[in-house]
Structures are given as structure tokens and as C-alpha cells.
Amino acid sequence: MFPERFSDLPAYAFPRLRALLDAHSPGGEVVHMTIGEPRHPFPDWVGEVLASHVEGFARYPVNEGSDGLRRAITDWLGRRYGVDLDPESRVMALNGTREGLYNAAMALCPETKDGKRPIVLTPNPFYQVYAVAALSVGAEPVFVPATAETGHLPDYASLPPETLRRVALAYLCSPANPQGAVATRGYWETLIGLAEEYDFQILADECYSEIYRDAPPTGALEVARDMGVSPERVVAFHSLSKRSNVPGLRSGFVAGGPETIRRVKQLRAYAGAPLPMPLQAVAERLWSDEAHVAENRALYVEKYDIADEIFRDVPGASAPEAGFFLWLPVEDGEAAALKLWQETGVRVLPGAYLSRDTAPSAGGGMAGHNAVGNPGAGFIRVAMVAPRDETLDGLTRLRACLYD
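Here it is as C-alpha cells:
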């Protein structure tokens, strides 16, 4: 059961991992495959752009993002998804998308829905900021299993009407973290139709959208546009961390309807931390350039091929459609992670640390849907963010330790 109070939250995934592993010595040269921190090189010119705008550190940043940055963002959205958004009213720069994913709940979630405590839907497994955001605004997080049976995406349409009537917000990550599943156009159409019927907003976390095998993933904004729904219905979040290998830049954006962006901007004015102007200049240049993105994606495609070869005959192991994680089946995720660390020095994350038990709560509320236990307990998440040779070494050791 997930806690009802923010103060009762369990430890974040990585402190839990340290508690599990750090009392034990590694069984070989350490290979870090836990955190999704890209380690490919970023463009050489990033430093030049930063240096040429260093005087910007002497000024308070533009709260919503500079005119040039917001225009670069909407131009990119037009090239990538074919949507035409006003840079003044439809986008805002973020100090990392985690800020936006959290603050969206603060800015958009009503105090009640259908006369009751509002519900925030989240996939299970999930990025933990979704659930923390729900609790922070007094909403009830409802965890919907995203398993092989549902294509590793949550089947929100299977929820009962009495639950859906209370839904205020629904988070959806595509490509999914950790499974690498991609929401098809049909999936988005079903979810947007459900949001129309029950009047809730979709928070589309698309931070991994530019790391894929073949075809670029369909975006929520383009489907919403094609369906002719209100521009307030879908709120999309994107990041430069994965796309451009600059997680330390802390730069992303949120795109949505004018009223949505107005409310997010208002919250930022009181409580936010805008991106410093020199970093906004770097972000503007990065959103305007696709050559480095294609080069980055090619490096991940090479590692997809490596993983496909190493795990091709492991029962239940499926290759990700996109993103840079492997979601590998094991008998017990914690036991597998500890064994792997002690015997090989390869460090991975137990899947249970990214998910919650989905049995109904003792008080009768919806702590989840479909009592399947913890859907991540029988998995490990493996980040393929290191260079090719290090990734090959880590995956080879992992295969020999856990599957041979």
C-alpha cells in the first residue's frame, strides 16, 4: 500500500539501492548500470555557446524562458510533430522536466473531483515524482499495472467508472521508463477519448522520445490536434537530458493549452527556479540542432543490437522499443541485484524500487487496480547509458551471472 501522507513516503530508489549493496564488496570491476544518466558526449560547441553568454549570469533569468528559447522549442515541436504552437502562450521552459511534472499537479489538480478527493493515475512501475506530486496536492495516487499483458503500458480504460469520475490527472510516460514501450496512435486516441469522457488532463512525459530504434514515437500533442480536442486536454513534457546528453543542464519544457501554461507560469512566478540565461542560450541552440541527436540515437541503436544478441534466448526478456533501459525478468529483483553485485561488480536497480503493490488499500480506497502484487518485483532495470564497450562488458557479465 502506498502511504497516504507525504511524510510517510518510502526511501527513494537509489538510497534503497545503496542500503542493499554498499555493505558488500563488488565481485569485479564496477560497472554502473543503475541510473539513467546519459554518458555519450554532448556537442563540442556547447561550451562555446555557454562562454559567449556568460554575462547572463549577472541578470535574473526570464521566468518562462527567453523569446529565442521558446521559439526554438515551438519550431522543434513543429518539425517533430507537425503542431503549430504559439511560443508566447503554449510553452514554458523548465529547470528540468522533473520540476514540471511535479509542479503540473500543484498548478492543475483541483481540490475535489465529482465531489470527492481527486485521483491521479500513474503507471506501475512509474517515475516516482508522479506519486509524490499526487500526495503533495492531497490527491489519491492510483497505480495501474503496466505489465507484459497490457503491452507494458497502463490500461486506464479498464478502471471502473466510479474511479474514472474522480480522476483529475493521468500521467503517462512514452517511451516508458523502465520498460521502453511506446504508446501507439491508437493508444493515445483511446486515452484522450477517455479523458474527454471523464474530463481529466493527461500529463504526457515524453522525455525519451528521441531515443528509438526505427520510427519516431507518436506524440500526444499531434494526436490531440488530429482529434480536435481542447488544447487544455494534453500537457506534454520534454527534456534535453536524454536527447542531447546534458542532464546537468537541467533544461526541458512543458507544452499545453493557454490556460494550462498560464497557471504553470503563475506557480513558477511564486515558487519556481527559472533556468539561468546562459543555460537558456545553450538550450536554444540544442533544440535548433538535429545532427547531434541523430548521432546520439545511432549509438543507442548499436547497443540495442548488442542487447538483442546477448538476451535473444532468455525467456521473457523483451527488447525495448525505445529509451535506454532493459527491463529483464528475474525470480527476485533484489536478490538478483545483490548476487550480480557480489559476483561481478555490475550494479543494477531492482524493479520493485520503481513500483508499488497494487492491492486495494485496507481502508477501501484505490491504492491500485487489479491485485497483482508489485509488478516490478520480478525484474531488474539495466541502464545502457555507458559507451559501447562498457555496456557490452556489463551485459555479458550480467547474462553469465543470472541466466547461464
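The sequence shown begins at 713 in the numbering used here and counts up by one.
Glycine included, each C-beta is placed from N, C-alpha and C at the ideal position.
This one's a predicted model, so the numbers in the text were calculated from it and none came from an experiment.
- Nearest C-alpha to V958 among T859, Y814, V1005 and N815: V1005.
- P890 and G812 have their C-alpha atoms some 20 Å from each other.
- G740 is the residue among A725, E996, F726 and G740 whose C-alpha sits nearest the C-alpha of K1051.
- DSSP places V832 in the uninterrupted beta strand (DSSP E) bounded by I831 to N836.
- Here M1096 carries a coil assignment [DSSP, helix/strand/coil].
- L1066 and A725 do touch by the CB rule: their CB atoms are close to 6 Å apart, below 8 Å.
- With respect to A1029, F1037 sits apart: the two C-beta atoms are not nearer than 8 Å.
- Among the bridge pairs identified by DSSP, V1058 is matched with V743.
- Cβ-Cβ distances below 8 Å link P988 to G768, F769 and P773 in the same chain, with the five nearest sequence neighbours on each side left out; the list follows chain order.
- By the beta-carbon neighbour count (other beta carbons within 10 angstroms, threshold 16), E861 is exposed.
- Apart from sequence neighbours up to five positions away, the residues of its chain that approach P1027 with a beta-carbon distance below 8 Å are P1041, ordered along the chain.
- DSSP places S764 within a helical segment (H, G or I) once states are collapsed to three.
- Straight through space, the alpha carbons of P866 and T875 are spaced by roughly 15 Å.
- L1114 and P753 have their C-alpha atoms some 31 Å from each other.
- 8 Å or more divides the Cβ of L998 from the Cβ of A967.
- The C-alpha of R975 lies about 15 Å from the C-alpha of F949.
- Taking 8 Å as the cut-off, the beta carbon of G1045 is found closer than this to the beta carbon of G1063.
- V849 carries a coil assignment under DSSP once its states are collapsed to helix, strand and coil.
- In the DSSP assignment, I1022 falls within the unbroken alpha helix (DSSP H) covering A1003 to I1022.
- Note that the region 815 to 823 touches the region 845 to 854; at least 3 beta-carbon pairs, one per stretch, sit closer than 8 Å.
- In this structure the region 911 to 929 lies against the region 878 to 893, because at least three pairs of beta carbons, one per stretch, are closer than 8 Å.
- Taken through DSSP and simplified to helix, strand or coil, F754 comes out as coil.
- Listed in chain order, the alpha helix (DSSP H) runs fully inside the region 761 to 826 are 779 to 793 and 809 to 820, counting runs of at least 4 residues.
- In this structure, N836 places its C-beta atom within 8 Å of the C-beta atom of A858.
- Following the DSSP letters along the chain, one finds A927 in no beta strand (DSSP E), marked with neither H nor E.
- In this structure R962 touches G808 by the C-beta definition: roughly 4 Å separates them, less than 8 Å.
- The three-state secondary structure of Y842, taken from DSSP, is helix.
- Here DSSP, grouped into helix, strand and coil, assigns C919 to coil.
- Take V766, set aside five residues on each side of it, and the residues of its chain with a beta-carbon closer than 8 Å to its own are P990, in chain order.
- Collapsing the DSSP output to three states places G964 in a strand.
- A distance below 8 Å separates the beta carbons of E1033 and Y924.
- Residue burial annotation: Y868 is buried, with at least 16 other C-beta atoms found within 10 angstroms of its C-beta.
- Distances from the alpha-carbon of L906 to those of R877, S778, T786 and P1087 put R877 closest.
- The beta-bridge partner set that DSSP reports for V856 consists of P835.
- In terms of Cβ geometry, V795 and R937 form a close pair [threshold 8 Å].
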